[in-house]
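There are 2 protein chains.
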Amino acid sequence: MTRKRLTREESRDQTRQRLLDAALALIAQKGLAATSVEDIAEAAGYSRGAVYSNFGGKGDLFIELLRRDHQQATAEFDAVFDDALPIAEIRERMRELYVSLYADTACFMNWTEARMLAARDADFRDKFAALISEKCGQVAGYVGYFYQRLGVEPPASPEVIAMGFMSLMEGVKLFMLSSPLEMRAQHAEAALAVFMDSITELATLKSTP
Amino acid sequence: MTRKRLTREESRDQTRQRLLDAALALIAQKGLAATSVEDIAEAAGYSRGAVYSNFGGKGDLFIELLRRDHQQATAEFDAVFDDALPIAEIRERMRELYVSLYADTACFMNWTEARMLAARDADFRDKFAALISEKCGQVAGYVGYFYQRLGVEPPASPEVIAMGFMSLMEGVKLFMLSSPLEMRAQHAEAALAVFMDSITELATLKSTP
DNA sequence: GCATCCTAATACACACCTGTATCTGAATAC
DNA sequence: GTATTCAGATACAGGTGTGTATTAGGATGC
Chain A
1 MTRKRLTREE
11 SRDQTRQRLL
21 DAALALIAQK
31 GLAATSVEDI
41 AEAAGYSRGA
51 VYSNFGGKGD
61 LFIELLRRDH
71 QQATAEFDAV
81 FDDALPIAEI
91 RERMRELYVS
101 LYADTACFMN
111 WTEARMLAAR
121 DADFRDKFAA
131 LISEKCGQVA
141 GYVGYFYQRL
151 GVEPPASPEV
161 IAMGFMSLME
171 GVKLFMLSSP
181 LEMRAQHAEA
191 ALAVFMDSIT
201 ELATLKSTP
Chain Z
1 MTRKRLTREE
11 SRDQTRQRLL
21 DAALALIAQK
31 GLAATSVEDI
41 AEAAGYSRGA
51 VYSNFGGKGD
61 LFIELLRRDH
71 QQATAEFDAV
81 FDDALPIAEI
91 RERMRELYVS
101 LYADTACFMN
111 WTEARMLAAR
121 DADFRDKFAA
131 LISEKCGQVA
141 GYVGYFYQRL
151 GVEPPASPEV
161 IAMGFMSLME
171 GVKLFMLSSP
181 LEMRAQHAEA
191 ALAVFMDSIT
201 ELATLKSTP
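Those protein sequences? They're chains A and Z, same order as listed.
According to UniProt numbering, the residues represented by the first sequence are 1 to 209, in order.
According to UniProt numbering, the residues represented by the second sequence are 1 to 209, in order.
Below, the structure written as structure tokens:
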């Protein structure tokens, strides 16, 4: 019971975080359209007024949710991407990070929901673009770094490889969540391995002719 | 004006097809949740009564829409997959079919919407599974056929390769529609080529050691 | 040509959501 | 300790949706 007395600002931030947490879970579960402002507020332990007081509305809150998630991921990403570390260490940490990110189904569902929204709504697409652009840059940096370390000419620009990689991941994950009987976890791994191994094996073969 | 006088059954079928066509376009554009029964009926030139008279409701109509699309794709698929034709001919026709299917954005959006729904709703997932299962079988058959003709051991089961292939396609397409500035058409092609070429090139290399 | 049947239109009852406007009570300032 | 400020609750007005029950009118059968 040593709960610290919160200042106004801290309290407000706590409210925002709780609302975002509730929205994360609910939207992942029911979808953005099926989730009402009331649902979110209630799940967070507030009333609708709290949402309108803290965000412009449901759409605004959703963007904020994506932004927060993106920032968190960026922070974790940056922590791994440290030039001082040996390449093997970076690779291993990156693999762990990827596994943990990939396991987060709620976030995945929300990003996919966002993609659908972006495909349909030009306004949202513009806001979404800023986030995706950064994310692409990060992954492309990682891809370029590894091809450079390997001393192999990449089969396409790092940006293109990065986007292909992300697309493959997202496609496999959505397939798995929507058709779990067809695409079991082991199949997903195998499918990813086929594509990834082909690329890396080919790169390795070409690096030592 | 030689419009044939329709029998009741023909008339009813026409109504159903028009409703499905309208739903196809509207749901692709606005999403399932944001499309009301009234929207669909009105776009098709009917009133809501027509929908409830022909389908169980919006959800039922959506499943029917997917089923119809699946059947059409199956028919086109079967037409190409003819053992009597030389392999090169099949390959070329398959490529054309794939390009035309891939270009159909409205259908793609609806299938992706269906995937999201399936990921969230167990009941829908079961109905969806039947369609996806068949589709996977078709593509897997195609994959197996080609590896067999090539005389190369596939790097994974045809089913797994098929699902990986489908996931990649869908992932790239969704990326392109949601982030058109990042993933332009040429990038999408390049990204697909990287993965596909790696696999086929590797297979070819291994077939002639 | 009349009775029947069936498709689709219309009317109704109910539920839900949004956004704004107003209010309340607790935190801050002096 | 009183006044002020602000986060969040509550009330309200308006709009939209669903599914069912009823109705109208053209197609079918005899």
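Backbone N, C-alpha and C define an ideal beta-carbon position, used for all residues, glycine too.
Count the other CB atoms within 10 Å of the CB of residue i; is the residue buried (16 or more) or exposed (fewer)?
{"i": "residue 274 (chain A)", "result": "The structure shown has nothing for residue 274 (chain A), since chain A only spans 1 to 209."}
{"i": "SER198 (chain A)", "result": "buried"}
{"i": "residue 232 (chain A)", "result": "Because chain A in this structure spans residues 1 to 209, residue 232 (chain A) falls outside the shown range and cannot be described."}
{"i": "SER11 (chain Z)", "result": "exposed"}
{"i": "ARG115 (chain Z)", "result": "buried"}
{"i": "SER178 (chain Z)", "result": "buried"}
{"i": "GLY45 (chain Z)", "result": "exposed"}
{"i": "ALA34 (chain A)", "result": "exposed"}
{"i": "ASP69 (chain Z)", "result": "buried"}
{"i": "LEU32 (chain A)", "result": "buried"}
{"i": "ALA75 (chain Z)", "result": "exposed"}
{"i": "MET112 (chain Z)", "result": "The displayed chain sequence assigns Thr, not Met, to residue 112 (chain Z). Buried is the call here."}
Smallest Cα separation from residue i: which of the options?
{"i": "ALA41 (chain A)", "options": "A:ARG67, A:LEU26 and A:GLN71", "result": "A:LEU26"}
{"i": "VAL143 (chain A)", "options": "A:ALA156, A:MET183 and A:LEU177", "result": "A:ALA156"}
{"i": "ARG67 (chain Z)", "options": "Z:ALA44, Z:SER100, Z:PHE124 and Z:SER167", "result": "Z:PHE124"}
{"i": "LEU131 (chain A)", "options": "A:ALA73, A:ILE199, A:ALA106 and A:THR15", "result": "A:ALA73"}
{"i": "LEU61 (chain Z)", "options": "Z:ASP78, Z:ALA75, Z:GLU76 and Z:GLU38", "result": "Z:GLU38"}
{"i": "GLU189 (chain Z)", "options": "A:VAL172, A:SER167 and A:LEU181", "result": "A:SER167"}
{"i": "LEU205 (chain A)", "options": "A:GLY164, A:LEU174, A:PRO154 and A:LEU192", "result": "A:PRO154"}
{"i": "SER100 (chain A)", "options": "A:PHE77, A:LEU192, A:PRO86 and A:ALA119", "result": "A:PHE77"}
{"i": "VAL51 (chain Z)", "options": "Z:ALA28, Z:ASP69, Z:LYS30 and Z:ALA22", "result": "Z:ALA22"}
{"i": "ALA191 (chain Z)", "options": "A:LEU19, A:GLY164 and A:LYS173", "result": "A:GLY164"}
{"i": "CYS136 (chain Z)", "options": "A:LEU117, A:GLU182, A:GLU92 and A:ALA75", "result": "A:GLU182"}
{"i": "ALA129 (chain Z)", "options": "Z:LEU97, Z:CYS107, Z:ILE63 and Z:TYR98", "result": "Z:ILE63"}
{"i": "CYS107 (chain Z)", "options": "Z:THR7, Z:ALA203 and Z:LEU174", "result": "Z:LEU174"}
{"i": "ARG18 (chain A)", "options": "A:GLN148, A:LEU65 and A:GLY141", "result": "A:LEU65"}
{"i": "PHE146 (chain Z)", "options": "Z:HIS187, Z:ASN54 and Z:PRO86", "result": "Z:PRO86"}
{"i": "ALA28 (chain A)", "options": "Z:SER47, Z:ALA119, Z:GLN71 and Z:PRO180", "result": "Z:ALA119"}
{"i": "GLN148 (chain Z)", "options": "Z:GLN186, Z:ALA203 and Z:ALA43", "result": "Z:ALA203"}
{"i": "ASN54 (chain Z)", "options": "Z:MET176, Z:GLN71, Z:PRO180 and Z:LEU20", "result": "Z:LEU20"}
Measure how close the beta-carbons of residue i and residue j come, nearest whole angstrom, since I'm counting them as under 8 Å.
{"i": "ILE161 (chain Z)", "j": "VAL139 (chain A)", "result": "Wrong, their Cβ atoms sit about 24 Å apart, outside the cutoff."}
Would you kindly work out how many angstroms separate the C-alpha atoms of residue i and residue j, rounded to a whole number?
{"i": "ALA88 (chain A)", "j": "PHE81 (chain A)", "result": "12 Å"}
{"i": "ARG3 (chain Z)", "j": "SER133 (chain Z)", "result": "For ARG3 (chain Z), the predicted model reports a pLDDT of 42, less than 50, meaning its position is unreliable; a value from the coordinates is still stated below. Computed Cα separation, rounded: 40 Å."}
{"i": "GLY56 (chain A)", "j": "GLU201 (chain A)", "result": "50 Å"}
{"i": "MET109 (chain A)", "j": "ALA84 (chain Z)", "result": "44 Å"}
{"i": "ASP121 (chain A)", "j": "THR15 (chain A)", "result": "29 Å"}
{"i": "THR105 (chain A)", "j": "MET169 (chain A)", "result": "13 Å"}
{"i": "GLY171 (chain Z)", "j": "SER36 (chain A)", "result": "29 Å"}
{"i": "ARG184 (chain Z)", "j": "GLU159 (chain A)", "result": "12 Å"}
{"i": "LYS30 (chain A)", "j": "ILE90 (chain Z)", "result": "43 Å"}
{"i": "LEU117 (chain Z)", "j": "GLY59 (chain A)", "result": "20 Å"}
{"i": "MET94 (chain Z)", "j": "LYS127 (chain Z)", "result": "28 Å"}
{"i": "TYR98 (chain A)", "j": "MET196 (chain A)", "result": "14 Å"}
{"i": "ASP13 (chain Z)", "j": "THR7 (chain Z)", "result": "10 Å"}
{"i": "GLN71 (chain Z)", "j": "GLU96 (chain Z)", "result": "18 Å"}
{"i": "HIS187 (chain A)", "j": "GLY141 (chain Z)", "result": "17 Å"}
{"i": "ALA43 (chain A)", "j": "ALA79 (chain A)", "result": "33 Å"}
{"i": "GLU9 (chain A)", "j": "PRO180 (chain A)", "result": "44 Å"}
{"i": "GLU92 (chain A)", "j": "SER47 (chain Z)", "result": "60 Å"}
{"i": "GLY49 (chain A)", "j": "MET176 (chain Z)", "result": "37 Å"}
{"i": "LEU24 (chain Z)", "j": "LEU24 (chain A)", "result": "29 Å"}
TODO: Quick one: which unbroken alpha helix (DSSP H) runs of 4-plus residues sit fully inside the stretch 121-156 of chain Z? Chain order, please.
DONE: Considered as a whole, the stretch 121-156 of chain Z harbours 122-150 as its complete alpha helix (DSSP H) runs of no fewer than 4 residues, in chain order.
Residue ranges of each beta strand (DSSP E) run of no fewer than 3 residues wholly in the stretch 36-79 of chain Z, ordered along the chain? Listed in chain order, the beta strand (DSSP E) runs fully inside the stretch 36-79 of chain Z amount to none, counting runs of at least 3 residues.
Q) In chain order, which alpha helix (DSSP H) runs of at least 4 residues are fully inside the stretch 82-106 of chain A? A) Counting only runs of 4 or more, we get 87-103.
Query raised in the report: Taking the runs of the alpha helix (DSSP H) that are 4 residues or longer, which of them lie wholly in the stretch 152-186 of chain Z?
Result: Here the runs fully enclosed are 158-178.
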